[in-house]
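Participant: Going by the numbering used here, the residue at position 46 of the sequence shown is 46; the numbering climbs one at a time, nothing skipped.
Below you will find the structure I want to go over with you.
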Amino acid sequence: MGAVQHDPATSRAAIRAFVRANHPDVGGDPEAFVAGLAELRDRRPCDRYNAPVVVVHRPRGIQGLVRRMRARWERRRRPPRVR
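As structure tokens, then:
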């Protein structure tokens with residue numbers, strides 16, 4: 001049996017439908033709403049925000065200005081990519 005595929009759009013649609021039907025402001029039971037919402041949220045994949053974080057250091061001031069100018073000069077001096 002293959003891995004279970006989680007479709008974010010379907011999951012979000014199910015949560016929204018549950019909220020529309022059972023929200024306490026529209027006459028739903030508050031305890032049942034909290035329990036149902038927790039159950040729906042537990043079904044979502046847990047690695048939602050586990051992307052790697054990349055930090056890029058860019059020099060500022062004179063050093064940054066010189067690097068940007070040098071990079072632009074090198075791009076202009078480069079031969080064309082298309083002949």
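Where a beta carbon is used, it is the ideal one built from N, C-alpha and C, also for glycine.
Here the structure is a predicted model, which is why all the values come from computation and not from measurement.
Using the three-state DSSP reduction, which class does M1 fall into: helix, strand or coil?
Facilitator: For M1, the pLDDT reaches just 39, beneath the cut-off of 50, and the residue's location in the model is therefore unreliable, although a value from the coordinates is still provided. Coil at M1, not helix or strand.
Participant: Taking 8 angstroms as the cut-off, does the region 30-40 touch the region 52-62 (at least 3 CB pairs, one atom from each stretch)?
Facilitator: no
Participant: Taking just the CA atoms, how far does L65 sit from R20?
Facilitator: 54 angstroms
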